[in-house]
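Asks: Dropping a structure here in structure tokens format, bear with me for questions.
Residue numbers (full-length UniProt numbering): 1 to 514.
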């Protein structure tokens, strides 16, 4: 199916099959023999001996510092006839796709179109380069060209193609490639199967990712990490933590990226025990507490309420970025330590190594909101634009509305919404509605609930808040009316859940009324 869907792949017509054509693919239609034809004396010469990387010209590629010098090497390869050797051409092509960041697609196009008989290695290089462009699925057309030329794709070909599907969120194409992998007997190979897990995970097809993972002949730490990441990224935190424990029981050492993912899951799930176990693994393994790991650890501890431990991790970090400061300030804020959040913010400014960003101000505004520090909140909100030239976004405005609302200054909150430069979202209306309910503004609360239901008619938030407001006022007929509307529109409140950690460090997930 994928071969039929992604049409002609000869160099004369590849780009006609594409919805989005890039200069790289457009120029593939230029006949390669018209590019720099070999001089007569070179064409008549006997075939050159096999080349190696020690060739005087090719060896210079390893130390090539810039495109100017590369253009000289390229010109010499053309005039000497060296470029007509596919190995030499592939090394030049590799420089364009692997040694330059980002890859130079214009130069890649030029070189690839000059190769008269590109091999699989050349195709792999260009497919990989295309996978990082704005239209990664263009690489599938090159794959069809490869097949039509009678070449056999290898494991790397499929890995790069699956990366293209991941970047393009192309689940259908990814499944077709899975069929081709089975046809070539590569679906269970570690490298390609790991790419399958990544692709299915990125596209949200967790059951398919798990099947590909279970069918692997040999699982590497990258394979385990891909499956763990897929689970946690799509909200299956319990499944991700279970896989992590199984991974550790088999003696597989997780990569730093997997550890960061697991710590993120522990922070989201409130699983302090597993988070401490990950910290213990990091310490026992002698891993360097770099910025990413340190920040993830501090974030996990702060979101689980272990502020002192979070501060210890933060203090032990040799280098701190703005993200490191942000996670501590936010941790202080959500745990009710507004004074600590303010001190950290001031310390960050005094050190001067990093500047606050939008997330920093969001965290400090949350701290002010939870503590009812209206004057401080107004000052920080003003500081964003006056001192740092930042434009507050809707989340910052939402914090200010919540700040006024929590303090009972509902009229100020309404006025603040009125002068907002953007249209309020459901979060801002919800914050104001909560303030109306808390401080007895019943009529305004009903109007706000109607506004929320108008903006998000299938969101249970407005209905539930209005129902609770009616219940607190003993307006039972109105409560019944709201619940009836919810039933008729099939609007349900998502059941809440919490995690319970047993003495054996096992997680349980009771849901709803359990």
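Even glycine gets a Cβ: it sits at the ideal position worked out from N, Cα and C. Predicted, not measured: the structure shown is a model, and the values here were computed from it.
(1) From residue 368 to residue 67, what does the alpha carbon distance come to, in whole angstroms?
(2) Compare the beta carbon distance of residue 86 and residue 127 with 8 Å and say whether it is the shorter of the two.
(3) Residues in its own chain within less than 7 Å of residue 389 by CB, not counting five upstream and five downstream?
(4) Where residue 136 and residue 168 are concerned, what is the direct C-alpha to C-alpha distance, given to the nearest angstrom?
(5) Between 422, 408, 84, which lies nearest to residue 396 when the distance is taken from Cα to Cα?
(6) Output the boundary residues of the alpha helix (DSSP H) element that contains residue 417.
(7) Among 155, 405, 305, whose alpha-carbon lies nearest the alpha-carbon of residue 183?
(8) Report the CB separation of residue 445 from residue 437 in whole angstroms; it is logged as a contact under 8 Å.
(9) Could you name the residues of the same chain whose beta carbon sits closer than 6 Å to that of residue 209, not counting the 5 residues immediately before and after it, in chain order?
(10) Can you give the Cα-Cα distance for residue 80 and residue 104, rounded to whole angstroms?
(11) Would you decide whether residue 284 is buried or exposed? Buried here means 16 or more other CB atoms lie within 10 Å of its CB.
(12) Determine the direct distance from the alpha carbon of residue 364 to that of residue 568, and round the result to whole angstroms.
(13) Which residues in the same chain as residue 469 place their Cβ atom closer than 6 Å to its Cβ, once the five residues preceding and following it in sequence are excluded?
(14) Which residue marks the beginning of the alpha helix (DSSP H) containing residue 128, and which one marks its end?
(15) Check each candidate in 324, 287, 318, 291 and name the one with the smallest Cα separation from residue 515.
(16) Is the Cβ-Cβ distance between residue 531 and residue 217 less than 8 Å?
(17) Can the beta-carbon of residue 340 be found less than 8 Å from the beta-carbon of residue 310?
(18) Would you mind sorting residue 192 into buried or exposed? The rule is 16 or more other CB atoms within 10 Å of its CB.
(19) What is the DSSP secondary structure of residue 516, reduced to helix, strand or coil?
(20) Out of 241, 246, 489, which has the shortest C-alpha to C-alpha gap to residue 268?
(21) I need the straight-line Cα distance from residue 296 to residue 270, nearest angstrom please.
(22) Spatial neighbours of residue 32 within its chain, please: C-beta separation below 8 Å, excluding the five flanking residues on both sides.
(23) Report the start-end ranges of each beta strand (DSSP E) in the segment 262-349 that is 3 residues or longer and not cut off at the edges.
(24) Please classify residue 476: is it buried, with 16 or more other beta-carbons within 10 angstroms of its beta-carbon, or exposed?
(25) Look up residue 134 in the DSSP assignment and say whether it is helix, strand or coil.
(26) With residue 154 as the anchor, note down where its alpha helix (DSSP H) starts and where it stops.
(27) For a test of the three-state rule: what should DSSP assign to residue 77, helix, strand or coil?
(28) Exposed or buried, what is residue 180 when buried is set at 16 or more other beta-carbons lying within 10 Å of its beta-carbon?
(29) Expressed to the nearest angstrom, what Euclidean distance is found between the alpha-carbon atoms of residue 471 and residue 336?
(30) Is it true that the CB of residue 430 sits closer than 8 Å to the CB of residue 400?
(31) How would you write the range of the alpha helix (DSSP H) that residue 518 sits in, first residue to last?
(32) Where residue 453 and residue 391 are concerned, what is the direct C-alpha to C-alpha distance, given to the nearest angstrom?
(33) Would DSSP call residue 373 helix, strand or coil?
(34) What did DSSP end up calling residue 399 once you bin it into helix, strand or coil?
(35) Looking at the unbroken alpha helix (DSSP H) that takes in residue 87, where does it start and where does it end?
Replies: Checking against the coordinates, here is how it stands:
(1) 53 Å
(2) no
(3) none
(4) 6 Å
(5) 422
(6) 410-418
(7) 155
(8) 6 Å
(9) 197, 200, 201, 230
(10) 24 Å
(11) exposed
(12) Residue 568 is absent from the structure shown; the chain starts at 1 and stops at 514.
(13) 437, 445
(14) 120-130
(15) Since the first residue of the chain shown is 1 and the last is 514, residue 515 is not available in this structure.
(16) Shown here, the chain extends from 1 to 514; a query on residue 531 therefore has no answer.
(17) no
(18) buried
(19) For residue 516 there is no data in the structure shown, the boundaries of the chain being 1 and 514.
(20) 241
(21) 14 Å
(22) Below a pLDDT of 50, predicted positions are generally treated as unreliable, and residue 32, at 40, falls in that range; the measurement from the model is reported next regardless. Only 11, 113, 114, 115, 116 meet the Cβ criterion.
(23) none
(24) exposed
(25) coil
(26) Neither: residue 154 is in no alpha helix (DSSP H) and is coded neither H nor E.
(27) helix
(28) buried
(29) 30 Å
(30) no
(31) For residue 518 there is no data in the structure shown, the boundaries of the chain being 1 and 514.
(32) 29 Å
(33) coil
(34) helix
(35) 86-94
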